[in-house]
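Enquirer:
Protein chains in written order, with the numbering used here: chain D, 11 to 596; chain P, 11 to 596.
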């Protein structure tokens, strides 16, 4: 019952923060040593109040009154979120054997019920003979045998599917839990050609262990988009409360299981085109190079994908508007490390590749690359970071070392960094070459040519409304409404204006911006904004819209459909929120 | 009859280019010594065929067949353009006294007819006493006296209006010919308070000479938006015929009369924060520094203002879609010159100001500034250019020296450069401080605060359709339609895709791009694009749209209204062209 204890403890701690209860919190949510023996909300409150943070002069606007509001909201209105987190944690605990069942319990049962004696019986040896396109590609799932030859080239994950050829798919689906969806099971069923022999059925999944078994515990307030790998974002109400997003609620976007790294034996390898191949310990990194602190916003390319899904279904996690966060990162400059490794100034290398310690069953690591121009730019501010918001990196955010590439899409900010390779070529990683690219709305999975588009690096201008939320009710008793949100642009471009409309885009008003002063071309951090205006009278419904402008006068597009793309990335259309005004209480 | 000779010669020369007539052209259109004794179209053809240009490997797609099409089009369909140019030239010749009458002949007559004996009579001395806000601001125009005190703070040109206080406005309106509009005369009439005494009337404008009298002759094919100062753009049909825009048809955006510069006595002064103040001759510039060639697109901030005007009237020249052009520029790097002037590497200056030799009646020069970051960036490629498309700069494009700031709005590419000032401050010029800035659509002339927005520097992603043109007729006999245009983004961002829709934005197809390979972050030049698709059958009208994407995945906004601003700058909304399909000829 650890999961229930976690949530109960969370509830107690939030009350404790309000001074209602004074019960010592008993469960450690975050495995990071930086936050022992405390629930995360308490940690947030404590963190907010540290002298170091106060000294930075940031306007957190995170008063006790606000906290009371948020926490009461959590206790009352957003219990669904907690329940959801609870359910997810139950699921996590219920999967000791690693069979992914979270989103597909009924489907799997349906599969079980579908055993037909009319199917031919095959042995594991029979299946093992079919692992080439010439012989056909067969796989097993539980007791069934499938011929997926025709599906191979349609597989969104590309060639990875061949890892399962001639064998069981369970280990791979345990790794890539995105498969745990009803339509995936239905699709698989279409390819069924037989049953495993009764003997072979007995040991189908007995050798599968859960590669996610060592993932850290997470804050239950997070909205989980995928459990394995873990992908989650904070509730919108909380996101814009802090100029610096607390680590615990900062969106987590993992592609693979979180590796467990021993900082004592950790080594960073630096190699590649015309430089001395070297290895650095964590101690080397922390002592050999000047320390730098950068406040930078990270955003997932899939942030606001849900709005794109509403236009037409895309492939990818259904992110809301909170797959973005802002933090201070402390570490050393990549350019200093490359100089130390004697990278020649006139190198003809074009890219710097990064490899993480997170890996799949085939031993393939997460990887990505950035241009050497960004890596070496004096004001590029690319960090090898070991601290986030003044504390050691948490495991979910890349402990002990990650790359921070300010102004660039999250996917290139490689976590659990273990290798840096200077090269004439981009990373060959799936996520660099066959993912995280934008396409015309006309391109579908039959016509897509991933080589025709550049890998996403710098992100375009973005903004979203964090309050009020879509489908919220406002009271006509109120004279005013306060609209709040965030705005950010990639490439170090500064947000100079946010326009807000309360009438679906007919008229606009300029919001007030909050943020730190940043140097020209180095505006890596977001701005929070708000606008308090009279609540329009005599209207039942409002469509509230925001749109931002950066200092290159880039603007957001009006609508989603024309920037729709099959992977659902890069949604930076105007953010629209519909609210209802409840009639006067008189 | 020089103007008629010019046009006739132009017509003969175009035929000559087709091999129909072989008549020696007799009139020199361009005063630049680079193009003696030839009409500009001939020069264009010659220019296009130079070995140097061919050797650059650019796909000009400017075949004889295309030329034939364009020239025949000019001779037949666009005679209106020629007639317009002819009319403008007649007007220019007819103004030896510098009284601006081009757009306002009828209005001026109306003013003349309005003499009323009921107005009080004032002398010039009476008027001269009213040149402060305390005493009231009076001015004269022809025989009338006006009290414009209440208008002073509304004047779009700011304090410049005070130059005329207590005197005649003719010299200033001759300088700023933007005043030659009916609504301006009407507005003035509202402030009339009296008549000049008959004696003073006799000499009202006798001392006014035309400051534009020395402007060079221009190619009659240009569409003139303002004659004094000269502002003109080429017809769209021609614009996208060349990857490199010929100098003669490259849009001309002058703020003041074109100065006449003697290259022998020309000096460039370099001064400012912590550097040695020096003067360089043209010979110094051409011999002391390495030469660099950059292909860069320049765009006026007001390009496509006409589309903004169609939403709501703005203040500014009514530019179409051709206030943009692409050329090769040759010169020396600004950073090399600043280094030569011993600018310290750790300078705390933030800006580099430029001053042109063009000046107004008060002796105030055109000026602008860019950030020192752009000026010194290794890959910023800021040039002091003395050549355009392989020839000496023409007078209209800044002879003998101009600044080229690749990726940055035209207004900072100061022509007739005479002074470079390194400073902690931006240029104090009107065009830096009180113009060329973007605002929310909600901001009007009563509420605008120019200090609240940054000066436009890098421009956002842009594209437009050059063929077919708005209101064109297509024939339903044709199976296909070819849509053509240009696309460009500021800041060295590369255009990676242009989407074209033939159904008002419902569906999109990807166009084929043409352009030179450019280095990362230094994509200063535009791409031309085209798409040939089946002509939709059974439809009478098509709305053709284009929208471009750059490599930061910036996109264009869908519509004009939400980016409307009082100065009509920065229109980069989707470009929309409506065409009619003529019924089948069967």
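Quick reminder that beta carbons are idealized off the backbone N, C-alpha and C, glycines included. Just so it is clear, the structure is predicted and the values come from calculations on it, not from any experiment.
Between the C-alpha atoms of residue 261 of chain P and residue 293 of chain P, what's the straight-line distance to the nearest angstrom?
Expert: The straight-line gap from Cα to Cα measures roughly 28 angstroms.
Enquirer: Can you find a C-beta in chain P that's less than 8 angstroms from the C-beta of residue 568 of chain D?
Expert: Taking Cβ atoms only, chain P reaches closer than 8 angstroms to residue 568 of chain D, which makes this a yes.
Enquirer: In the DSSP output, which residue or residues are listed as bridge partners for residue 542 of chain P?
Expert: Per DSSP, P:492.
Enquirer: Using a Cβ cut-off of 7 angstroms, pull out every chain P residue sitting near residue 458 of chain D, in sequence order please.
Expert: Per Cβ cutoff of 7 angstroms: no residues; residue 458 of chain D is ~12 angstroms from chain P at best.
Enquirer: Are residue 341 of chain P and residue 329 of chain P closer than 8 angstroms when you measure CB to CB?
Expert: It is not a contact, given that the beta carbons lie outside the stated cut-off.
Enquirer: Tell me which residues share the same chain as residue 409 of chain P and place their Cβ nearer than 6 angstroms to its Cβ, disregarding the 5 neighbours each side in the sequence.
Expert: For residue 409 of chain P, where only same-chain residues beyond five positions count, the Cβ hits under 6 angstroms are 403.
Enquirer: Over what stretch of residues does the beta strand (DSSP E) that includes residue 319 of chain P continue unbroken?
Expert: Element bounds for residue 319 of chain P: not the beta strand (DSSP E) but the alpha helix (DSSP H), 315 to 321.
Enquirer: Compare the beta carbon distance of residue 394 of chain D and residue 469 of chain D with 8 angstroms and say whether it is the shorter of the two.
Expert: Going by C-beta atoms, residue 394 of chain D is not nearer than 8 angstroms to residue 469 of chain D.
Enquirer: Counting only C-beta atoms, is residue 562 of chain P closer than 8 angstroms to chain D at any point?
Expert: Closer than 8 angstroms to some Cβ of chain D, the Cβ of residue 562 of chain P qualifies, so yes.
Enquirer: Please tell me whether residue 501 of chain P has its Cβ less than 8 angstroms away from any Cβ of chain D.
Expert: Residue 501 of chain P counts as touching chain D.
Enquirer: Measure the CB-CB distance between residue 490 of chain P and residue 542 of chain P and report whether it falls below 8 angstroms.
Expert: Yes, the Cβ-Cβ distance between residue 490 of chain P and residue 542 of chain P is below 8 angstroms.
Enquirer: Would the region 573 to 582 of chain P count as touching the region 529 to 546 of chain P if we require 3 or more Cβ pairs under 8 angstroms?
Expert: With a cut-off of 8 angstroms, the region 529 to 546 of chain P and the region 573 to 582 of chain P do not count as touching, because too few Cβ pairs lie within range.
Enquirer: Leaving aside the five residues before and after residue 207 of chain P along the sequence, list all residues of the same chain whose C-beta is less than 6 angstroms from its C-beta, in chain order.
Expert: So the qualifying residues of the chain are 131, 133.
Enquirer: Given a limit of 9 angstroms on CB to CB distance, which residues of the region 503 to 524 of chain P reach chain D?
Expert: Result list: 503, 504, 506, 507, 509, 511, 515, 516, 517, 518, 519, 520.
Enquirer: Just the C-alpha distance for residue 337 of chain P and residue 307 of chain P, rounded to the nearest angstrom, thanks.
Expert: Their backbone Cα atoms lie some 6 angstroms apart in a straight line.
Enquirer: Of the residues D:586, D:592, D:366, which one's Cα is nearest the Cα of residue 320 of chain D?
Expert: Minimum Cα distance to residue 320 of chain D is reached at D:586.
Enquirer: Taking 8 angstroms as the CB-CB limit, is residue 604 of chain P close to chain D?
Expert: In this structure chain P extends from 11 to 596, so residue 604 of chain P is not present and cannot be described.
Enquirer: Whole angstroms is fine: what's the gap from residue 161 of chain D's alpha carbon to residue 201 of chain D's?
Expert: About 9 angstroms.
Enquirer: So the candidates are P:327, P:287, P:291, P:358; which of them puts its Cα closest to the Cα of residue 276 of chain P?
Expert: When only C-alpha atoms are compared, the closest one is P:291.
Enquirer: Using 8 angstroms as the threshold, is the C-beta distance between residue 392 of chain P and residue 414 of chain P below it?
Expert: Contact: yes.
Enquirer: Determine the burial state of residue 476 of chain P: buried for a count of at least 16 other Cβ atoms within 10 Å of its Cβ, exposed for fewer.
Expert: Answer is buried; the Cβ neighbour count reaches 16.
Enquirer: Of all Cβ atoms in chain D, is any one closer than 8 angstroms to the Cβ of residue 448 of chain P?
Expert: So, interface residue.
Enquirer: Just checking: is the beta-carbon of residue 530 of chain D within a distance shorter than 8 angstroms of some beta-carbon in chain P?
Expert: Yes, its Cβ sits closer than 8 angstroms to a Cβ of chain P.
Enquirer: What are the residues that DSSP puts in a beta bridge with residue 147 of chain P?
Expert: BP columns for residue 147 of chain P point to P:141.
Enquirer: Go ahead and pull the three-state DSSP assignment for residue 369 of chain P.
Expert: Residue 369 of chain P falls in the strand class under three-state DSSP.
Enquirer: Can you tell me where the beta strand (DSSP E) with residue 157 of chain P in it begins and where it stops?
Expert: 154 to 157 is the span of the beta strand (DSSP E), which, as asked, contains residue 157 of chain P.
Enquirer: Relative to the alpha-carbon of residue 382 of chain D, which residue among D:396, D:183, D:353 has its alpha-carbon at the smallest distance?
Expert: Closest by alpha carbon: D:353.
Enquirer: Return the chain-ordered ranges of every alpha helix (DSSP H) run that is complete within the region 281 to 348 of chain P and spans a minimum of 4 residues.
Expert: Segments of the alpha helix (DSSP H) lying fully in the region 281 to 348 of chain P: 292 to 298, 315 to 321.
Enquirer: Whose Cβ in chain D lies nearer than 8 angstroms to the Cβ of residue 463 of chain P?
Expert: The answer, in chain order, is 506, 507.
Enquirer: So residue 145 of chain D packs on residue 203 of chain D, CB below 8 angstroms; how close in whole Å?
Expert: That belief does not hold up - the Cβ atoms of residue 145 of chain D and residue 203 of chain D are roughly 13 angstroms apart, past 8 angstroms.
Enquirer: Taking just the CA atoms, how far does residue 557 of chain D sit from residue 534 of chain P?
Expert: Going from the Cα of residue 534 of chain P to the Cα of residue 557 of chain D covers about 27 angstroms.
Enquirer: Taking only beta carbons into account, state which residues of the region 569 to 583 of chain D come closer than 7 angstroms to chain P, listed in chain order.
Expert: Going along the region 569 to 583 of chain D in chain order, one finds 569, 572, 573, 580 with a Cβ nearer than 7 angstroms to chain P.
Enquirer: Check whether the Cβ atoms of residue 387 of chain D and residue 422 of chain D sit closer than 8 angstroms, and answer yes or no.
Expert: Not a contact, by the Cβ cut-off of 8 angstroms.
Enquirer: Count the other CB atoms within 10 Å of the CB of residue 428 of chain D; is the residue buried (16 or more) or exposed (fewer)?
Expert: Answer is buried; the Cβ neighbour count reaches 16.
Enquirer: If we ignore side chains and look at the alpha-carbon of each, how far apart do residue 137 of chain P and residue 474 of chain P end up?
Expert: Computed Cα separation, rounded: 50 angstroms.
Enquirer: Quick check on the burial criterion: 16 or more other C-beta atoms within 10 angstroms. Buried or exposed for residue 287 of chain D?
Expert: By the 10 Å Cβ count, residue 287 of chain D comes out exposed.
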